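Okay, structure first, notes after.
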DNA sequence: TCTGGGGTCCTAGGACCC
DNA sequence: TCTGGGGTCCTAGGACCC
């Protein structure tokens with residue numbers, strides 16, 4: 201039988217920050233979202249204080265002060281680099297892995313004789329090579345492996361490793377786990393299940409498949425099957441090409457004027473096109489959206505406009521032109537805007553383009569050369585070549601008050617050994 | 001005062017066609 | 001006056017994930 205392992209980094213962002221700040225060992229550490237708005241990661245010590253992922257900073261500020269919590273703005277460049285090192289280490293333990301997220305990796309451990317011992321070796325090696333503590337859960341399906349991992353984190357006496365290949369162990373754990381902690385059961389469905397009297401993972405596992413399908417969806421049916429050792433979610437070793445690119449931000453302060461908003465949209469559009477080029481993709485469709493804050497007591501407005509290019513492109517100018525027109529369609533004076541962004545869809549690899557029947561194919565060679573040149577210059581000079589509609593001064597840009605140095609990706613920030 | 005950003009998949013309902 | 005049934009495609013919104 202197939203065995204899935206899920207390796208998950210413990211408090212990943214907080215652990216990364218601690219690699220370079222050994223003085224923070226066993227001290228509470230918190231990492232904030234973009235804009236320093238809310239908590240996205242916290243060390244065990246913070247969890248013990250009752251801080252939850254998603255808590256806005258202003259609501260927990262008193263705890264931060266009272267317990268001298270060290271706070272970091274998120275430093276995604278640093279986290280991505282450390283993540284790559286962790287994943288690289290894991291790849292030496294199995295030929296079949298799926299990098300599931302920045303801090304999680306599913307692996308096949310078929311044919312392994314002593315699973316628990318092997319898992320401990322994985323743990324020790326990752327810690328030694330990267331400084332990041334991980335937990336390992338093993339089971340016949342991904343959903344059960346997630347559950348095993350959950351237990352490995354929750355119960356310290358497991359030493360961070362839980363082998364859930366045995367059915368009776370599965371049952372005993374499922375009895376203890378609240379239904380909302382099952383992978384695939386979120387807040388909404390968790391509530392609905394509880395209203396039906398389904399409170400534990402075991403009760404969910406014992407539900408009638410037909411009822412689940414009828415009252416919920418095929419997605420939850422798969423979850424139930426997976427809890428019963430029937431593997432429905434395969435390992436995805438080669439990542440599918442992405443379906444969309446989103447570039448959006450909440451603003452540091454509310455936006456009320458059209459000019460700065462137009463420039464913000466141009467900035468997102470440029471970033472989006474850059475992402476396409478970096479991954480050798482093109483897109484056909486762009487959506488532009490602006491919206492007020494759903495948390496504010498002022499009048500609300502939220503609008504999206506979508507437009508299509510005749511031919512898929514990754515040329516910033518094509519999208520800037522279209523995005524400008526779309527923006528004019530949705531802009532409405534008199535609101536306090538909190539967030540805006542663009543979404544690129546109908547994406548294809550740059551070498552597999554669908555040509556238009558009606559329009560002669562556009563020769564993109566010149567455009568490609570220009571964009572390549574711009575990207576190259578911007579890579580080495582930190583964004584010096586801009587388009588007319590972008591603006592140099594980005595006063596709406598993020599608050600990142602507590603940013604750590606880019607220890608591993610900027611020469612100036614290399615840590616110095618004393 | 002202050003509530004992230006980036007993704008995926010599924011479903012329901014409307015438009016339209018025969 | 002009467003106003004079907006079956007199908008496709010598209011979109012908005014819901015739900016989940018990290």
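Residue numbers (my numbering): 201 to 618. Backbone N, C-alpha and C define an ideal beta-carbon position, used for all residues, glycine too. Since this is a predicted model, take the numbers as computed values, not measurements.
Could you compute how far the alpha carbon of residue i sits from the alpha carbon of residue j?
i, j, result
"residue 212", "residue 511", "41 angstroms"
"residue 150", "residue 215", "Lying before the first or after the last residue shown, residue 150 is absent from the chain, which here runs from 201 to 618."
"residue 358", "residue 331", "20 angstroms"
"residue 309", "residue 577", "45 angstroms"
"residue 258", "residue 504", "30 angstroms"
"residue 595", "residue 451", "Note that residue 595 scores a pLDDT of 49, beneath 50, so its modelled location is shaky and nothing firm can be said."
"residue 365", "residue 342", "12 angstroms"
"residue 237", "residue 270", "15 angstroms"
"residue 244", "residue 252", "11 angstroms"
"residue 210", "residue 327", "11 angstroms"
"residue 613", "residue 605", "6 angstroms"
"residue 283", "residue 303", "6 angstroms"
"residue 380", "residue 427", "14 angstroms"
"residue 321", "residue 425", "31 angstroms"
"residue 495", "residue 240", "19 angstroms"
"residue 547", "residue 398", "41 angstroms"
"residue 249", "residue 263", "8 angstroms"
"residue 300", "residue 404", "25 angstroms"
"residue 600", "residue 272", "9 angstroms"
"residue 242", "residue 254", "10 angstroms"
"residue 446", "residue 314", "43 angstroms"
"residue 484", "residue 545", "7 angstroms"
"residue 540", "residue 387", "26 angstroms"
Tell me which same chain residues have a C-beta within less than 6 angstroms of the C-beta of residue i, skipping the five on either side of it?
i, result
"residue 201", "340"
"residue 329", "289"
"residue 453", "none"
"residue 480", "550"
"residue 579", "none"
"residue 422", "432"
"residue 293", "322"
Using 8 angstroms for Cβ pairs, my map puts residue i next to residue j. What's the rounded Cβ distance?
i, j, result
"residue 374", "residue 352", "With a Cβ gap of about 15 angstroms, residue 374 and residue 352 do not count as contacting."
"residue 486", "residue 530", "That belief does not hold up - the Cβ atoms of residue 486 and residue 530 are roughly 13 angstroms apart, past 8 angstroms."
"residue 514", "residue 482", "5 angstroms"
"residue 444", "residue 543", "6 angstroms"
"residue 392", "residue 361", "Going by Cβ atoms, the distance from residue 392 to residue 361 rounds to 34 angstroms, so no, they are not a contact pair."
"residue 623", "residue 523", "This structure does not reach residue 623, given that the chain is present from 201 up to 618, and the question cannot be answered."
"residue 437", "residue 298", "6 angstroms"
"residue 506", "residue 277", "Between residue 277 and residue 506 the Cβ distance is about 31 angstroms, and since that is not below 8 angstroms, they are no contact."
"residue 275", "residue 603", "6 angstroms"
Quick one: give me the first and last residue of the beta strand (DSSP E) that residue i is part of.
i, result
"residue 609", "Segment: none, residue 609 is in no beta strand (DSSP E) and carries neither H nor E."
"residue 482", "481-492"
"residue 219", "It is not in any beta strand (DSSP E) - residue 219 instead sits in the alpha helix (DSSP H) that spans 212-219."
"residue 342", "Taken as a continuous stretch (DSSP letters only), residue 342 belongs to no beta strand (DSSP E), being part of the alpha helix (DSSP H) at 342-354."
"residue 454", "445-455"
"residue 338", "334-339"
"residue 539", "537-549"
"residue 363", "361-363"
Would you list the one or two residues that DSSP bridges to residue i?
i, result
"residue 272", "231"
"residue 506", "487"
"residue 307", "205 and 297"
"residue 239", "232"
"residue 286", "According to DSSP, residue 286 bridges with nothing at all."
"residue 513", "483"
"residue 256", "238"
"residue 702", "Because the chain spans 201 through 618 in this model, residue 702 falls outside it and cannot be assessed."
CB-CB under 7 angstroms to residue i, same chain, minus the five flanking residues each way: which ones, in chain order?
i, result
"residue 346", "206, 337 and 383"
"residue 518", "509"
"residue 286", "209, 326, 330 and 332"
"residue 406", "none"
Taking the alpha helix (DSSP H) that residue i falls in, what are its first and last residues?
i, result
"residue 432", "Residue 432 -> no alpha helix (DSSP H), and no H or E assigned at all."
"residue 382", "Unbroken run through residue 382: none, as it is neither H nor E."
"residue 393", "387-395"
"residue 616", "It is not in any alpha helix (DSSP H) - residue 616 carries neither H nor E in the DSSP assignment."
"residue 460", "458-478"
"residue 251", "Segment: none, residue 251 is in no alpha helix (DSSP H) and carries neither H nor E."
"residue 319", "315-330"
"residue 414", "409-415"
Here's a check: name, in chain order, each residue in its chain whose Cβ is nearer than 8 angstroms to the Cβ of residue i, leaving out the five neighbours to either side.
i, result
"residue 312", "203 and 318"
"residue 389", "416 and 420"
"residue 499", "492 and 535"
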